[in-house]
Each structure stands twice: as C-alpha cells, then as structure tokens.
C-alpha cells in the first residue's frame, strides 16, 4: 500500500482503450431526433458536422474502443496524470475521511479537455479535414482544441462567448499562441449571430448561441467540421481515460472510493472519472456514490426536467434526451463559465433518471470558499468549475466527520485557475454574490419547449 | 533504459539532503564585506535580516545538508518533478540531439521558487518569526513565498516592482489568495522608497529598489526577518534538489548530459540544475558544459565586471563579490522580469571567473520565438524567463545538427507562462523589440562603483 502523497502510473500502464458505458446500461439512452421530423436520426444525419469515425463512436455499443497510437503518443505529453492524497486538506477539515483527487490540471491547456480534443482533431485529420469550428465559454475547451488542431495542421475558428472574450483575455491569448482564430460570439459572421445582434446589439452571448454559430459555419461548408467539448457520447467516451487510470491508482493506495465527485457542465469530466467506477457498481455490486456538482445558478440536474431539447439556442442541432432548463435559459454570469450550459448529455441524463448517479448544486460563494481553502492547503489554485467538486468533497468530508466514518472520497481536479485569477480577485473584493433562481424562472424557460415525448 | 516521454521518481526516491558546492570548489567564493567598513563580515552581521539556521547554511562548507522532514513533507505536494524528453521539439528541429527538460513548472506557484521559499519560511517559523518581508519582480518569487509563509502562519509583506504590479495583476491576485500583502515599490513606507519617489514620482521601480525597501523594513524591526529568492548561497543550496533529482532521472534514461542549460537572474535555478552535474565535472572528470542564459538587455555575465557590489540599489546590503553591471543599472522593461537583476551570486560569479561554467545572452525576440515553438510542440507554455533556456537549447540542438552529433541536452524548465500571457499577446501584436545596450551605457553604470578590490 502506497503511503505517498501522489500516485503515478508509468506511461506503459496508461490505458489503451476507452470505456463505453452504453454497453453496460440496462436502459440505453434514447436516440437523438431530427429537429424537423422529430424522428430518430441515423448516423448519416450527423455527417455534415462530424467525421465518420467519431459518428461511429457516438452510436457504438462496444464496451471497449481502442485509443489510436498517435493519440496515445500525444496523451503521453502529460498522461498518465497523478492522483494526490489531500493530506493537508484532511487535516484542515479534521475529518476521518481520506480525500484523493485526480489531477487533470497538468495538461498543456490546464484541464481535462485535451483528452477529447486530441482524438477529435486526430480523427478529423485522418479523414482529410483541414478546418474546424467550435465554441468555448470560459476558454478551457477552446484552448485544448487549439493545441490539438495546431498539432494536426487543422485551421480552427473558435466562437468565444463575448462576455468571456472581454473578461478573460488570457484564454484568448493562449488560443492565439496555439494558432487558432478567436471570434467573439454573437458575431456578424453567421445568420444565428446576426439574428441575436439585431434583437440585442449588446448581447453578452451564451454557450448555446456560440454553438449555433459554430455549427452553422460547419454545416454550410462541406470541408469544415464541427467539434463539441462535452455532452455527446463520444466526448464522454474519450474522457473515461481519467477514471480508468484512477482505478489503477486507487488500487495502489489500497483504498476503494465510497464517493466519486466531479463538477458538471455538459457531463464530460464527470463521466470521465465516474463511469469506470460506475461499471463496477453495475457489474460487481459495488456501492460507490457518484455525485455530479452543478452551480445553483444553472441547476439542470437538480431542478431541470428530463425531456428532448436542442443542444444550442438557435435549434440547429438534433434534439437530445436530456435534463434541461430549456435551450433559451440564460444563466447568471458566474465565473465557472464551463458549467453555464442549459442541458446534460443523453447518457448522463439517463443514468440520473435511473438513479445510478446523484447530483448536488452549489452556490458560487461556497465554491470560492472551497477553492481558497484548497489553494491554501494543497497549493494548487483550482478553476472556478473545479471548485464545485471541491465544495462537495468538503461537504462529504464534514458528514464523514459527523458520522465518525473513515470514508474514501475521490474527486476530479478538472482544471487549474491560474488563468482565472481575476475571479478570485473579485471574490476577495466582496464583489461576488449568490443569486437564487426562482422556480417561476425555471418553469417559464421550460414552458417554451415543445413537448416531444 | 526508459523509452518513456516523462521520467518520474517515487517520493521515497526524493533526495533528503541538499548539495553544497562550496565544499568542492578549489577557489572558494570571496567573503561578503561590510558596506561601511569594507571588512569581511561574520555570520552575526546578517542576524538582523535572517534566522540563524539560514545564516549557518549561508557560510557552511559542509558538502551535504539535511532537508528537514517538514520541508520534505511540503516538497512532496509536487516533488519529485518529472524530467521530460522533448521528442516533438527534436522532430521540429530535425536534430540528432536528445533534448530533455526538468519540469519545475508543476509546483503550486508554477516555478522552481518554492524549493527555497518553503525551507526559508520553515527556518523562520522554527525560530519563532511571525512576520517577514521580501521583494518580487514579475511575481514568481513573491507568490512562492506567500504560499510557504501562509503554511507556517507567517505574515508576509511583498514589495513588488511597480511596473509589474501594474502590468501583471494576476500575480498580485495569486499572492493575495495565499494571504500576503502586496505593496507596489517604490512606496512611501520606507526611507529608500520615499527618496526614490522624491527624485522621480513616476519611478517604475526595479528589483534593486524593492530589495532596499524590504531590507529596510526588516532591519528596523527585530521581530521581522527578510527573505531573498536568489543570489545568496543558502538559496542556491536549496535549489540543488532540482539537479539531484535530475541526475537520478537521467541515469534512468541511460543518457548523461553533454550540456546543461538554465536561464539566469541571480543564479538560483541555474545553480539548482547544474551544481550536482558540475560536482561530477570537478570530482569525476566529466566534461558537461553548463550554460547560463541571460537577457541581452541585462548582460552581467557576458558583459559585466567581476567586483564587489551591493545587492540592492540603496546600498543597504553587504558588498558581494559578483559579476555586475552596477547596482544602479536599470535594465530595459523586458517581460522576463525575473532576469532583470544587475548582479550574479558570489558562488556562480566565482565559477564563471574560473571558467567552470559558461554564459550566453539572448535577445527578447529570440526568446519568444523559442517559447512559441516550445508551446506548439511540447504543449506547455513557458515563462518568458524559461524561454531564455529554451532558446539556447535550440541553438545547441542546431549546432548538434550541423556537427551531426547526437548530443544530450538537458535544460531546466523553470516555470510556466500562464500568468504571463499578456507578454505573448504583445509579441504576436509585433509590439516587442530588441534593444541593444551600448558598451558606453555599461561602462557608465560600472564607473559609479567604488573599487573595493
């Protein structure tokens, strides 16, 4: 049993396959529907947007999918990532719980996002694609894809939510350093953007609007493909390398997690760390609790409805079965920009419906309090998104103390906050507040949705 | 022989002693002199500024000095750090050279600086000190010491060079997150600061001025001690853990470095990676070249003079035997703020004088070109300081290509640049220039020095 603070794997111990949880789900996720006909769509309907190898992964029911060697090779720039035991945090909380975290912040882009950016760029490259589009909120996803596309010689246009573009210039600079073009969204480059701007010239933008713009550009040019950083099945699939590594590392510690925790935007880092453990719940009768942590200002899992909805604001994407607040929902401008998304991916939504996973919401001030405590005890400054997972890990460690139980808690440290320091500055200056969404606001947004099923 | 891209050590393989090169130097460094009497000072003269255990290390000739267990314990938050093989950079340069780098950017503060910040805070804490002062240029050192002091319950005042305070707000925010007070220097809090401001109310500050302020505050209050992030013998000593780890890791690769490279401000990261290898040059007849890389705009090693000079601008510190441009020299406002220091530490200066190490200077544009190539090939965005080492590693890899020799090059990746992204932005916008210092400017600055020896 390792007594070390950090548990490493050798590169040759890095998983060579991703895990597809669909193979082990009793209730499979419902199929996506055509936005016009409302009928289930086949793989070919996605062909204008994605290369065929990713579409095959999107609909695959194979349990294991090989990671191409060129992707493994690039992963090894930073993978396998370490698991840390948070001894100093445990001490500060005076808890009997053993707290571990998987450190995905050591990647070039500073988060888990390159785990899917690299295979997505790779499969596009293999199919001869030379230009791609995507959207980004706070910039974590955009910078990861910039790095990946630059490696494979693909030109990338990133539609960045305008409020982030203005408030977070460092992320834009990082994307530029990796050769991408960054466009504040809404823009005049697309019909979707022009429509929003004609209604509201000062629109701060949203992830849903930026997706509409990126999708539109790709759909109109057959040589350009689109890429999404979360929500979709193949994205979640690529992230499972996190949990597959973590399982091996937890084995080395001699502890098995009672609770696995991750923050939740569209579901990819949550899926990444939890699915391999969830597999053992399903197939081996383990009882690990999986907790998705969302912002209280964007509570699709805890207060949304399970129904078909669009992935974007303009209604260009297929309809996806999801827990949603409605695709027109515009959440508060909290600093965890990566979690400001109205819906959850189809797989994760089905798992929540089937009570195989749990969700908790966290208010912004609690997340910053947790992030500062973490930075002061464990040293690494968390991204505001990641602080949602830390806040819930702290909640659970306090419960463990009350119960006097030495539970094992594992959370995903999805990204660092060195490029988001202005958020901490505002927190210390007392400029951040918690805003409670009323049930009325949520119902109003949901009422705009057409009932499909 | 490892074929992995990253070579890790286990925590139990982390060195438990620092290496003191003074024990192996044939020509020992000359002693510091009292600024008034010009006579060699004894350890007691440093007592107002430093705790006794650090003063003992400052004058020690013991070859090995134990790392206290509490320091080892904190080191293990991120140490041992990995050595990476830069395969993608090698490929981009089409060089037969094998390029390795020691990645010190994985620390909480993002650089090698915590290696000495932690023991310095620890020894002060052990001697009952509750408040400390320091200075910082670009902010790497200040943030490292903030983290360390916060852990040991010590209040810290950081005098930050005013131009950096204004241009690099993120570093200030990081120091605040770790509980430190940050004061733009020159300030009205000290005589030294007031004197500068009375002459030039718009002074942008300099490292020399900030040192004067921090030293003055500590000297006037017997309960407050001062801490320096480079130059001094005990600081270099603490950094040797870098090279001691790297030796073990290079052994695992089967390669032994022909060249070891590091950027150079006051000498600490350079000493850290080179001294353990230099020991084998001295004691085992190895022929590894050690190259210190300084900015062409602050060329103390390549164009300065070896003589006694002050460590600060106001002349409050002891006189140190050093390669210097004169303590009144104000270098260009380049982005590598950590390298804008007029002098070199006593040990490193003696080694250069004895031709046991080499130096090269690099212009700013060449460093950014190197930094961007590195970010695009190896993924990690380097600090502008670190890019000086990368630029020289690239020069040497190109020479290896011309010569057709498969040389082994190791450089210290001293810090990441995610908090310095605005510098990259200016580079891409074409706003950075190279400024050539004339020999006349250097001679004029040196002419102001009093000849002591």
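Residue numbers (the numbering used here), protein chains in the order written: chain A, 406 to 858; chain B, 406 to 858.
We put the CB at the ideal spot given by N, CA and C, even for glycine.
Predicted model, so just to flag it, every value in this text is computed and none were measured.
Residues of chain B with CB under 9 Å from residue 807(A), in chain order?
By one-based count along the first chain, residue 807(A) stands at place 402. Those within 9 Å of residue 807(A) in chain B number zero; the least Cβ separation is about 27 Å.
On a CA-only basis, which of 819(B), 734(B), 438(B) and 641(B) is nearest residue 743(B)? Give me that one, please.
Counting from one through the second chain, the residue named residue 743(B) turns up at place 338. If we check each option's Cα against that of residue 743(B), 819(B) comes out closest.
CB contact check: residue 382(A) to chain B, cutoff 8 Å
With chain A represented from 406 up to 858, any question about residue 382(A) goes unanswered, as that position is not in the structure.
So the candidates are 561(B), 538(B), 506(B) and 476(B); which of them puts its Cα closest to the Cα of residue 527(B)?
On the second chain, position 122 is the one that residue 527(B) refers to. Minimum Cα-Cα distance from residue 527(B) among the listed residues 561(B), 538(B), 506(B) and 476(B) corresponds to 476(B).
Does the region 520-537 of chain B come close enough to the region 549-558 of chain B that 3 or more CB-CB pairs lie under 8 Å?
Yes: the two stretches touch, three or more of their Cβ pairs being nearer than 8 Å.
Which residues, in chain order, does the region 566-582 of chain A contribute to contact with chain B at a C-beta distance below 7 Å?
For the region 566-582 of chain A, which is checked against every Cβ of chain B, the residues closer than 7 Å are 575, 578, 579, 581 and 582.
For residue 507(B) and residue 647(B), believed in contact at Cβ under 8 Å, the rounded distance
In the second chain, residue 647(B) corresponds to position 242, counting from 1. In the second chain, residue 507(B) corresponds to position 102, counting from 1. That pair is a contact at about 6 Å.
Tell me whether residue 748(A) sits in a helix, a strand or coil according to DSSP, three-state version.
Your numbering for residue 748(A) matches position 343 in the first chain. Note: residue 748(A) maps to strand in three-state DSSP.
Name the DSSP bridge partner or partners of residue 712(A)?
Taking the first residue of the first chain as position 1, residue 712(A) is located at position 307. Residue 712(A) pairs with 727(A).
For residue 594(B), which of 575(B), 574(B), 578(B) and 562(B) has the nearest alpha-carbon?
Translated into the one-based positions of the second chain, residue 594(B) becomes position 189. Nearest C-alpha to residue 594(B): 562(B).
Could you tell me whether the Cβ of residue 742(B) comes closer than 8 Å to any Cβ of chain A?
Taking the first residue of the second chain as position 1, residue 742(B) is located at position 337. No, residue 742(B) lies away from the interface with chain A (no Cβ there is under 8 Å from its Cβ).
Closer than 8 Å, CB to CB, is residue 552(A) near chain B or not?
Your numbering for residue 552(A) matches position 147 in the first chain. So yes, residue 552(A) belongs to the interface.
Could you tell me which uninterrupted alpha helix (DSSP H) segments, each at least 4 residues in length, are contained entirely in the region 673-714 of chain B, listed from first to last along the chain?
Correct list: 673-689 and 705-708.
Cβ neighbour criterion (16 or more within 10 Å) applied to residue 509(A):
The residue you call residue 509(A) lines up with position 104 of the first chain. It is buried - the Cβ of residue 509(A) has at least 16 other Cβ atoms within 10 Å.
Return the chain-ordered list of same chain residues with a C-beta closer than 7 Å to the C-beta of residue 422(B), the five sequence neighbours on each side being excluded.
The residue you call residue 422(B) lines up with position 17 of the second chain. Cβ contact annotation for residue 422(B) (same chain, cutoff 7 Å, sequence separation greater than five): 469, 470, 471 and 472, in chain order.
In whole angstroms, what is the alpha-carbon distance linking residue 809(A) and residue 694(A)?
In the first chain, the residue the question calls residue 809(A) occupies position 404. In the first chain, the residue the question calls residue 694(A) occupies position 289. Cα to Cα, the separation comes out at about 18 Å.
Write down the C-beta distance between residue 578(B) and residue 829(A) rounded to the nearest angstrom, noting that I regard them as a contact closer than 8 Å.
Taking the second chain and counting its residues from 1, one reaches residue 578(B) at position 173. Taking the first chain and counting its residues from 1, one reaches residue 829(A) at position 424. Right, the Cβ-Cβ distance comes to about 6 Å (below 8 Å), so this counts as a contact.
Pick from 439(A), 787(A) and 666(A): whose alpha carbon is nearest that of residue 545(A)?
What you label residue 545(A) is simply residue 140 of the first chain in a count that begins at 1. It is 787(A).
Please state whether the Cβ-Cβ distance between residue 706(A) and residue 715(A) is less than 8 Å.
Within the first chain, the letter at position 301 stands for residue 706(A). Within the first chain, the letter at position 310 stands for residue 715(A). Not closer than 8 Å, so no.
Starting from residue 817(B), follow its DSSP beta bridges and name the residues at the other end.
Stepping through the second chain from its first residue, residue 817(B) is reached at position 412. DSSP output for residue 817(B) lists 507(B) as bridge partner(s).
Assigned exposure category for residue 833(A) - 16 Cβ within 10 Å defines buried:
What you label residue 833(A) is simply residue 428 of the first chain in a count that begins at 1. Residue 833(A) is exposed by the Cβ-count criterion.
Can you find a CB in chain A that lies within less than 8 Å of the CB of residue 827(B)?
Here residue 827(B) refers to the residue found at position 422 of the second chain. For residue 827(B), the nearest CB of chain A lies under 8 Å from its own CB, placing it at the interface with that chain.
Count the other CB atoms, across all protein chains shown, that sit within 10 Å of the CB of residue 490(B); report buried if there are 16 or more and exposed otherwise.
Residue 490(B) sits at position 85 when you count from the first residue of the second chain. Around the beta carbon of residue 490(B), 16 or more other beta carbons lie within 10 angstroms, which makes this residue buried.
Going by C-alpha to C-alpha distance, which of 771(A), 409(A) and 419(A) sits closest to residue 409(B)?
The count along the second chain starts at 1 and reaches residue 409(B) at position 4. Answer by Cα proximity: 419(A).
Thinking C-alpha only, which one of 734(A), 667(A), 747(A) and 676(A) is nearest residue 796(A)?
Along the first chain, read from residue 1 onward, the residue named residue 796(A) stands at position 391. Closest by alpha carbon: 667(A).
Hey, residue 538(B) and residue 613(B): beta-carbon distance below 8 Å or not?
The residue labelled residue 538(B) in the question sits at position 133 within the second chain. The residue labelled residue 613(B) in the question sits at position 208 within the second chain. Cβ atoms of residue 538(B) and residue 613(B): not closer than 8 Å.
Considering Cα atoms alone, identify which of 616(A), 755(A), 783(A) and 585(A) is closest to residue 598(A).
As a first step, residue 598(A) is located in the first chain; it is residue number 193 there, counting from the start. Distance check between residue 598(A) and each of 616(A), 755(A), 783(A) and 585(A) places 616(A) closest, using alpha-carbon atoms only.
Rounded to whole angstroms, what is the Cα-Cα separation between residue 651(B) and residue 449(A)?
Position 246 of the second chain, counting from 1, holds the residue named residue 651(B). Position 44 of the first chain, counting from 1, holds the residue named residue 449(A). Residue 651(B) and residue 449(A) have their C-alpha atoms spaced approximately 52 Å apart.
Helix, strand or coil: which one does DSSP assign to residue 490(B)?
Within the second chain, the letter at position 85 stands for residue 490(B). Per DSSP, reduced to three states, the secondary structure at residue 490(B) is strand.
Note the first and the last residue of the continuous alpha helix (DSSP H) segment covering residue 620(B).
Here residue 620(B) corresponds to residue number 215 of the second chain, with the count starting at 1. Per DSSP, the unbroken alpha helix (DSSP H) holding residue 620(B) starts and ends at 612-625.
Does residue 555(A) have its Cβ less than 8 Å from a Cβ in chain B?
Taking the first residue of the first chain as 1, we reach residue 555(A) at position 150. So yes, residue 555(A) belongs to the interface.
Starting from residue 471(A), trace the beta strand (DSSP E) both ways and give me its first and last residue.
Counting from one through the first chain, the residue named residue 471(A) turns up at place 66. Note, residue 471(A): beta strand (DSSP E), 469-471.
Work out the CA separation of residue 488(B) and residue 503(B) for me, nearest whole Å.
One-based indexing of the second chain puts residue 503(B) at position 98. One-based indexing of the second chain puts residue 488(B) at position 83. Residue 503(B) and residue 488(B): Cα-Cα distance of roughly 13 Å.
Using the rule of at least 16 other Cβ atoms within 10 Å of the residue's Cβ for burial, across every protein chain shown, is residue 406(B) buried or exposed?
Residue numbering aside, residue 406(B) sits at position 1 when the second chain is read from its first letter. Confidence at residue 406(B) is low in this model, with a pLDDT of 44, below 50, so its placement is unreliable and the value that follows should be read with caution. When all chains shown are included, residue 406(B) counts as exposed.
Got a sec? Which residues, its chain only, sit under 7 Å from residue 438(A) by beta carbon, not counting five neighbours each side?
Mapped onto the first chain, residue 438(A) falls at position 33. If you ignore the 5 residues before and after residue 438(A), its C-beta comes within less than 7 Å of the C-beta of 444, 445, 446, 713, 723, 724 and 857, all in its own chain and listed in chain order.
What span of residues does the alpha helix (DSSP H) with residue 581(A) cover, start to end?
One-based indexing of the first chain puts residue 581(A) at position 176. According to the DSSP assignment, residue 581(A) belongs to the alpha helix (DSSP H) that extends over 574-582.
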